[in-house]
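In this note's numbering, the protein residues as written are 283 to 423.
Okay, so here's the structure we're looking at.
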């Protein structure tokens, strides 16, 4: 799916960048294309779309530029026992860094978001980078 901006009533492109809701819709679409064995383990994963990572996350990850982080997985990977008090696993997508990367690279927004979502889901499953690329190829075909 290629992200196409709907034209307004006058046939003009929108004046605003894709919203959080637009990013969320593209991310949910990417998740829906995952193979069944993966989707079966996503029911408790929470998806957040935020403008930027918070300052503590950036500090913990030693990232100086808030535009340097497009997505983040937090939680225990599948197969690791949850402990009392654990928050559910979550994927955080950061809208402004995603939009900047979209503009800078020219990669279609849906493909960029699919790439980031698959990478973060890969952490949920404990996949290697190579396995993440294979999974991404399965999702984008």
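Where a beta carbon is used, it is the ideal one built from N, C-alpha and C, also for glycine.
Other residues of its chain near residue i: CB distance less than 8 Å, five sequence neighbours each side excluded
i, result
"residue 320", "403, 407, 417"
"residue 405", "355, 359"
"residue 387", "394"
Residues near residue i in its chain [Cβ-Cβ closer than 7 Å; skip 5 each side]
i, result
"residue 302", "331, 377"
"residue 283", "Confidence at residue 283 is low in this model, with a pLDDT of 48, below 50, so the placement of that residue is unreliable and no value is reported for it."
"residue 305", "331, 375, 377, 380, 395"
"residue 413", "404"
Range of the contiguous alpha helix (DSSP H) that encloses residue i
i, result
"residue 320", "318–321"
"residue 325", "Looking at the DSSP string, residue 325 is not in any alpha helix (DSSP H), and its letter there is neither H nor E."
"residue 314", "302–314"
C-alpha distance - residue i paired with residue j, whole-angstrom precision
i, j, result
"residue 318", "residue 309", "17 Å"
"residue 374", "residue 393", "17 Å"
"residue 346", "residue 340", "7 Å"
"residue 312", "residue 396", "5 Å"
"residue 314", "residue 421", "9 Å"
Residues near residue i in its chain [Cβ-Cβ closer than 6 Å; skip 5 each side]
i, result
"residue 370", "326, 328"
"residue 381", "299"
"residue 335", "351, 376"
"residue 353", "375, 398, 402"
"residue 333", "377, 378"
Notebook entry, point to check: Which residue spans inside the region 328–416 form an unbroken beta strand (DSSP E) run of at least 3?
Noted result: For the region 328–416, whole beta strand (DSSP E) runs of length 3 or above, ordered along the chain, are 328–332, 353–356, 372–376.
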